[in-house]
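Residue numbers (my numbering): 1223 to 1374.
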């Protein structure tokens, strides 16, 4: 078992290693990123994939802190990762405001910055960099699954 991870509960996918952050604020998000990236490095995820994982985690975790929990510095975020020979799966769970990033339309990047609506570029970036991206709401939790192929 990886240091900082904990045993699985029966309701969690068997192959995931989990880390929970109970003070989910900008200052502590690095702990979650370090957990996922450490797991990836320890398991020899290709070096070309690591910056993608880092960028996606940065964007998603900051969005959760800023928008799902805007006034709650003690909010909880849980991250899990599972590795197979050809894929790294990341699951991010929070109990903040409901928001389905997979339902948000891509911004019109053909428009100039002045003409374009504010927001949405981070989600577009996450969709483009990751190989799989899905959302569900269950038991008052936002559950975001992100996958990275390791064979390309």
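Built from N, CA and C at the ideal position, the CB exists for glycine as well.
- The three-state secondary structure of residue 1361, taken from DSSP, is coil.
- Spanning the alpha carbons of residue 1295 and residue 1271 requires a straight line of approximately 31 Å.
- With a beta-carbon spacing of about 6 Å, residue 1258 and residue 1312 fall inside the 8 Å limit used to define contacts.
- Non-local C-beta neighbours of residue 1290 in its own chain, meaning closer than 7 Å and more than five positions away in sequence, comprise 1316, 1318, 1319, 1321, 1364, ordered along the chain.
- Take the alpha-carbon of residue 1326 and the one of residue 1305: they are about 28 Å apart.
- With 16 or more other Cβ atoms from the protein chains shown falling within 10 Å of its own Cβ, residue 1262 counts as buried.
- DSSP places residue 1281 in the uninterrupted alpha helix (DSSP H) bounded by 1272–1285.
- In the DSSP assignment, residue 1302 falls within the unbroken beta strand (DSSP E) covering 1299–1306.
- Our two residues, residue 1354 and residue 1310, have alpha carbons roughly 10 Å apart in a direct line.
- In this structure, DSSP gives residue 1369 an extended state, which the three-state scheme calls strand.
- The alpha-carbon of residue 1274 is positioned some 19 Å away from that of residue 1357.
- In the DSSP assignment, residue 1264 falls within the alpha helix (DSSP H) that extends over 1251–1264.
- The shortest C-alpha to C-alpha distance from residue 1281 to any of 1298, 1346, 1243 is the one to 1346.
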